[in-house]
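Working notes, beginning with the structure itself.
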Amino acid sequence: MSVQHKVTVELGERTYEIIIGSGVLARAATHIAPLLPRPKLAIVADANLAESHLPILRAALNDVGIAHESYLVPSGEASKNFGQLSDLCDWLLAQKIERNDCIIALGGGVIGDLTGFAAAILRRGTRFIQIPTTLLAQVDSSIGGKTAINAPSGKNLIGAFHQPDLVLADIDVLKTLPPREVGAGYAEIVKYGALGDKAFFAWLEENGAKVLALDEAAMAEAVARSCRAKAAIVARDERETGERALLNLGHTFGHAFEALTGYDNTLLHGEAVAYGMVLAFNFSVARGHCAPEDAARLKDHIGASHLPQKMSAIGKGKFAADALVEAMSQDKKVLNGQMRFILANGLGDTFIADDVSQDELRAFLLAEGAGAA
C-alpha cells in the first residue's frame, strides 16, 4: 500500500482503529482476523457491490479461512426502514450470529446505518465492522457509532449509538464512484474545515480539485484529516451531549430539504449538507455573528466544487418556507421544543444556537428563495 494512515478513536475499552489507504479491502482479513473469537462472520452489502467490491472481500476472507455469508440490501436511502431492518435481523439470526461475532457493513452510509442499528439491537448488542465504500461514509457516517433508520417524519430519527470494532477505508474503491457521489462526500470534508479548522479549509481551497479528481495522496490526506477531526470530537463527546453537535453543521437545513424530496436521490445527502452549510453561514451573517467575507469564501468553495450553493439548484421545484420550518422542528437537536442550529462566528469557529424562533427562521428562508406556501 503506497498511502496509509491510521487514526485511533479513543473510547476506553471500546477504542478502535480507522485504517485508511489504498489496497485496504484486499488485505482486510489481516485486520479483521485478530478481532474474531471464531473464524465466522456475516457480511451485509449494498446490492450494487455484488460484482465489484464484495468478491474482493470474500476472497480475502477465504484466504485465511474465515467462514462467511453475505446479505444484499437494495441501494438507496429508502432501504433505511423497519421492513429492511426486520428482514436483516431475521437473516442474521438464521445465520446463528452470536453476540461476540462480527457483522461487516460493506457499502455507503445507508448500509453502515442499517447494519449498525441491526448490530445494536441483535441479541442486545453484536459487534460490527465498517468497510465504507463511499467518500461520505469514509469521512463521516462510518465513524462515531451513530446508527439509525428513517421515519416518515424525518431522517435518522430511530436508532442507537453503537460503536464499530474497526473501520477500514480503502481509497481505491472511490475510483468506482460517479463524480456526483464523490462531490457529495467532499461536502462532508469541507464541513470539518468550516466547523473547526480554518487551516484545513484553506488547504482544501488549494487542494480540493485534486481531492475531487481522486489524486491518491490528496485524497488519503483529506480522508485522514477528516477522520482525525471527527475521532477527536467523538472521543470527547460520544453521545452528543455538547460539542459533537457541531458535526451537524449544515445538517439541520440539509435534512429538511432531504425530507421534502422524499429521499428519492433528487438530492444526495452531501449535496444537502453543502447547501445547508451555505445557509448556516448566511444565517450567521444575517444574525451578526459572522463576517460576510467568510460566508462568501465558503459559498465560493462550495460552488467551485460543483455543489449546490443556492436554493434553485436543488430539488424538483420551489420549497415552501413553512414546510421547511416544520421539517426542521423534527430535527434531533431540538431540545425542550426549541430548535437548535449550528452557526458560525467565522470559518473554523462554530457554536450551538438555541435562540432561533420559527418566525426568524421563516423570514430568513423566504429571503433565501423559499416559497411563501
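Taken in order, the sequence shown gives residues 35 to 407; the numbers are from this note's numbering.
Cβ atoms here follow ideal geometry from the backbone N, Cα and C, with glycine treated the same way.
Remember, it's a predicted structure, so these values are computed and weren't measured experimentally.
message: Excluding the 5 residues flanking tryptophan 125 on each side, which residues of the same chain have their C-beta closer than 6 angstroms to its C-beta?
response: Tyr105
- request: Give, in chain order, every unbroken run of the alpha helix (DSSP H) that is at least 4 residues long and sits entirely within the segment 246-294.
  value: 250-270
task: Look up glycine 57 in the DSSP assignment and say whether it is helix, strand or coil.
output: coil
field: Range covered by the alpha helix (DSSP H) that runs through glutamate 360
entry: 355-362
- request: For histidine 289, I'd like the list of residues in its chain whose CB is within less than 6 angstroms of its CB, leaving aside the five on either flank, ordered along the chain.
  value: Lys189
message: Can you tell me whether valine 319 is helix, strand or coil according to DSSP?
response: If DSSP states are grouped into helix, strand and coil, valine 319 belongs with the helices.
- prompt: Below 8 angstroms between beta carbons: does that hold for serine 339 and tyrosine 226?
  reply: No, they are not a contact pair.
message: At the level of alpha carbons, what is the spacing between glutamine 38 and asparagine 370?
response: 44 angstroms
task: Within the same chain, show all residues whose beta-carbon is closer than 6 angstroms to that of methionine 35, passing over the 5 residues directly before and after it, in chain order.
output: With a pLDDT of only 43 at methionine 35, under 50, the local geometry of the prediction cannot be trusted, and the value read off the model is given with reservation. Around methionine 35: Gly55, Ser56 and Gly57.
- prompt: Nearest to arginine 92 by alpha carbon, out of Leu395, Ile177, Thr64 and Ala194?
  reply: When Leu395, Ile177, Thr64 and Ala194 are compared, the shortest CA-CA separation from arginine 92 is found for Thr64.
query: In chain order, what residues of the same chain lie with their CB nearer than 7 angstroms to the CB of histidine 69, ignoring the 5 residues before and after it?
result: Checking the displayed sequence, the identity of residue 69 turns out to be leucine instead of histidine. Cβ neighbours of leucine 69 beyond the five flanking positions: Cys136, Asp199 and Leu200.
- prompt: For histidine 303, which of Pro89, Arg214 and Gly230 has the nearest alpha-carbon?
  reply: Nearest of Pro89, Arg214 and Gly230 to histidine 303, Cα basis: Arg214.
- prompt: CA-CA distance, phenylalanine 151 and aspartate 356?
  reply: One C-alpha to the other measures close to 32 angstroms.
- request: Taking the CB atoms as reference points, tell me whether phenylalanine 375 and alanine 314 lie closer together than 8 angstroms.
  value: yes
task: Throw me the rounded Cβ distance for the alanine 404 and methionine 345 pair, which I believe falls under 8 angstroms.
output: Alanine 404 to methionine 345, Cβ: 7 angstroms. Contact.
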